[in-house]
Amino acid sequence: MSIWSSFRAFRDKLQPPPSRNELPVSFRERFKALGNLPQLFQLIWQTSPALTSASLLLRIVRAAVPLATLYVGKLIIDEVVLLTQLAAPRDLTYLWQLVATEFGIIFFSDILNRALALVDSMLGDLFSNQISVRLMRHAAALDLDYFEDASFYDKLERARRQTSGRMTLMAQVLEQVQDVITMMFLSIGLVAFNPWLILLLMVTLIPSLLGESHFNARSYSLMYNWTPERRQLDYLRYTGASDETAKEVKIFGLSAFLTERYRDLADRYYRANRALSIRRASWGTVLAMIASIGYYAAYVVIILRTVSGQLSLGDMTFLAGSFSRLRGLLQNLIQRFSNVAEGALYLRDLFDFFALRPRIVSAPRTRTFPRPIRRGFTFENVGFKYPNSERWANRHLSFTLQAGEKLALVGENGAGKTTLAKLFARLYDPTEGRILLDGYDLREYSLEELRYDIGVIFQDFVHYHFTAAENIAIGRIEALNDAPRIERAAARSLANTVIEKLPNGYAQIVGKRFETGVELSGGEWQKMALARAYMREAQLLILDEPTASLDARAEYEVFQRFADLTKSKSAVLISHRFSTVRMADRILVLGNGEMLELGTHEELLAKNGRYAELFHLQASGYR
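Under the numbering used here, the first residue of the sequence shown carries the number 4, and numbering increases by one thereafter.
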């Protein structure tokens, strides 16, 4: 039975059958993953051609250092042996020249190593930053429905983990190139001595190469298939120690629950990884012993040739050192190739993420966006289903939002109000029907221009832990340095009353994530969010319950100001408070995603339908 057959038989006894936690990656997939390396090198080259060139050049020069060191060492030994055989006085000039040469080579090698470490460090930092920026930009360009799919978050998490350390992978590839060049230099002398010994050394290392390749594939499969659980671990770690969750963790006594859940999940992952690590270490030991046999067989031949007088002591030192270095290089080559193959598999996750493409994009030829909007938005039998869902979020919607009109959306939770707001902004395209703007399909306009003229503030708006000015400027980020415009937006939303109390005014960081930050109340955050809407100065403003944390009087005042300040603009208001809703020009009542009623406050009360029922139900709570 061959060595490899024995290896496979024993391996099959050791390992359990493939499971969800460890699905094998085929050799073809591993080999195909190496095709990601040219793309990685291209990205690194684009990061800094100068630093990349320096890294390559330094490695090529370093490749010749081992051979030069060994050869000078051989000359020193031969010279010492010769001098011991000569009678005094002995001329040591040549010997000291050789020693000085060896010192110079070692000193030069140290300089090369430090220079290479510096270059790789700078290039690695630049590359990591560039990849992180590219990942952020690409994620921002993808459709919203990607972010509502759990499998997408698994892919995003795997991609995020590749933004750091990928320069290390490229360094390993370049180190392999350097090692191959060094091996070529060393092999020149060794082939002349006995080419069969080099072949023996390489053959005995093949099992190690195959073994490492196999276990790297297993390791990747384990990491890949445990991505959801690793995301859960990250979530539990964050939830157990976060300023956003600290209150409830204490009040509800969740610490033991969270830590126990974390420990259980972490232990299961540890056990799966431990089993693989034990098998890898066991086989690594066996295969390393096989590789050692080849080395010592060659070493015995060198010793016998020296004892017989066919080789000098210097020759023996040179050949033994060359074989030892060659063995180490081959083992490193196998290890690095194995690591590179594994890294290339992980790298595939990054490029798979970059390969995702948005489906909601501008048409090749777009219409000029109307400024001002003249006829408004028209929904023609619009229906929408979220991806991977059979339930209609909206269905059979047919209505028109006139230019300059204020439309309120009313309905119970889950009625489809927020989804409708997203359709206005073309965060989604309808599953059926179409949406028109001034008589033309919304998809015929530039996506960038459309969103430039639409401002949306959702109920779950983001609390940006930036300065107060930056929080407002986010509404129109191009005007980040336009202080007068920021201050006007703050005054319109009454956020100026909040900012006046901050220690550093508009320059104050808000939120407690950073040391100098000041936390705001829910109502204060909502005023900041409303300021973003005013900052946008868009033709259509959509407010999705952004004042839910304000009391009834404060919300009424905010929307009264909103109505006065946006008289010439279209607006969509979503609110559960009818004191606010009745200020709209018309009210659209939704139920199970469909339009139940449409009209003014008075018209809908007169109909005595769903709107009237909800209105009287809320009013009874104040009696």
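All C-beta atoms, glycine included, are put in the ideal place defined by N, C-alpha and C.
I'd like to check one pair, residue j with residue i: are the Cβ atoms closer than 8 Å?
{"i": "K572", "j": "Q542", "result": "yes"}
{"i": "I545", "j": "V459", "result": "yes"}
{"i": "I438", "j": "V385", "result": "yes"}
{"i": "L426", "j": "V575", "result": "no"}
{"i": "A36", "j": "A358", "result": "no"}
{"i": "R479", "j": "E383", "result": "no"}
{"i": "A476", "j": "I489", "result": "yes"}
{"i": "E597", "j": "Y614", "result": "no"}
{"i": "A66", "j": "F260", "result": "no"}
{"i": "F387", "j": "Y431", "result": "yes"}
{"i": "L412", "j": "R429", "result": "no"}
{"i": "L159", "j": "A142", "result": "yes"}
{"i": "D456", "j": "F372", "result": "yes"}
{"i": "A275", "j": "L239", "result": "no"}
{"i": "G514", "j": "E527", "result": "no"}
{"i": "T104", "j": "V75", "result": "yes"}
{"i": "A418", "j": "N132", "result": "no"}
{"i": "Y537", "j": "R580", "result": "no"}
{"i": "K530", "j": "A498", "result": "yes"}
If you follow the beta strand (DSSP E) that residue i is in, where does it begin and where does it stop?
{"i": "W395", "result": "395-404"}
{"i": "L483", "result": "Element bounds for L483: n/a, residue is neither H nor E."}
{"i": "I477", "result": "Note, I477: premise wrong, no beta strand (DSSP E); not H, not E."}
{"i": "A411", "result": "409-413"}
{"i": "I1", "result": "No information on residue 1 is available, as it lies outside the stretch 4 to 626 that the chain covers here."}
{"i": "R437", "result": "435-440"}
{"i": "L546", "result": "543-547"}
Which residue marks the beginning of the alpha helix (DSSP H) containing residue i, and which one marks its end?
{"i": "R429", "result": "Segment: none, R429 is in no alpha helix (DSSP H) and carries neither H nor E."}
{"i": "F111", "result": "96-144"}
{"i": "L78", "result": "68-88"}
{"i": "D152", "result": "Note, D152: premise wrong, no alpha helix (DSSP H); not H, not E."}
{"i": "E383", "result": "Note, E383: premise wrong, no alpha helix (DSSP H); beta strand (DSSP E) at 380-388."}
{"i": "L607", "result": "604-610"}
{"i": "D237", "result": "230-243"}
{"i": "L43", "result": "39-50"}
{"i": "L505", "result": "Counting along the chain, L505 falls outside any alpha helix (DSSP H), and DSSP gives it neither H nor E."}
{"i": "G525", "result": "525-539"}
{"i": "S623", "result": "613-623"}
Do you know how far the Cα of residue j is from the Cα of residue i?
{"i": "L568", "j": "S524", "result": "25 Å"}
{"i": "T603", "j": "M586", "result": "9 Å"}
{"i": "R556", "j": "V584", "result": "14 Å"}
{"i": "I109", "j": "Y298", "result": "26 Å"}
{"i": "R446", "j": "L453", "result": "10 Å"}
{"i": "F106", "j": "L85", "result": "21 Å"}
{"i": "L59", "j": "D157", "result": "35 Å"}
{"i": "T96", "j": "K77", "result": "17 Å"}
{"i": "I6", "j": "Q45", "result": "Since pLDDT at I6 reaches only 34, below the 50 mark, its modelled position is unreliable, and the value read off the structure follows with that caveat. Those two C-alpha atoms are separated by around 40 Å."}
{"i": "A291", "j": "F340", "result": "16 Å"}
{"i": "V343", "j": "V465", "result": "40 Å"}
{"i": "R360", "j": "L145", "result": "6 Å"}
{"i": "Y273", "j": "G379", "result": "59 Å"}
{"i": "Q313", "j": "Q181", "result": "32 Å"}
{"i": "Y467", "j": "N474", "result": "6 Å"}
{"i": "F155", "j": "S51", "result": "31 Å"}
{"i": "L533", "j": "Q179", "result": "57 Å"}
{"i": "E415", "j": "L40", "result": "53 Å"}
{"i": "S285", "j": "G324", "result": "29 Å"}
{"i": "L236", "j": "R266", "result": "9 Å"}
For residue i, which option in the options has the closest C-alpha, if you only look at C-alpha atoms?
{"i": "R351", "options": "F581, I577, R163", "result": "R163"}
{"i": "A153", "options": "D123, Y431, L78, N391", "result": "N391"}
{"i": "A300", "options": "D148, V206, L599, Y273", "result": "V206"}
{"i": "L119", "options": "A57, L129, Y156, D148", "result": "A57"}
{"i": "G287", "options": "I305, L46, R368, H217", "result": "H217"}
{"i": "P2", "options": "K515, S224, T381, S211", "result": "In the structure displayed, the chain extends from 4 to 626; residue 2 sits before or after that span and is not available."}
{"i": "M173", "options": "L126, W199, S190", "result": "L126"}
{"i": "I296", "options": "I209, L307, T185, R264", "result": "I209"}
{"i": "S582", "options": "K570, G594, V561", "result": "V561"}
{"i": "I114", "options": "L101, P69, L61, Y74", "result": "L61"}
{"i": "P69", "options": "E151, T185, N276", "result": "T185"}
{"i": "D485", "options": "R495, A494, A472", "result": "A472"}
{"i": "L353", "options": "M319, H619, R161, L617", "result": "R161"}
{"i": "A366", "options": "Y448, V310, Q334, L73", "result": "Y448"}
{"i": "S211", "options": "G317, R360, I201, V289", "result": "V289"}
{"i": "G407", "options": "E435, D441, N416, T422", "result": "D441"}
{"i": "S124", "options": "L138, W99, T171", "result": "T171"}
Is the closest heavy atom of the ligand SAH to the C-beta of residue i under 7 Å?
{"i": "E383", "result": "No copy of the ligand SAH appears in this structure; indeed no ligand is present at all."}
### Task
Any chance you could list the beta strand (DSSP E) runs of at least 3 consecutive residues sitting entirely within the region 549-601, in chain order?
573-577, 589-594
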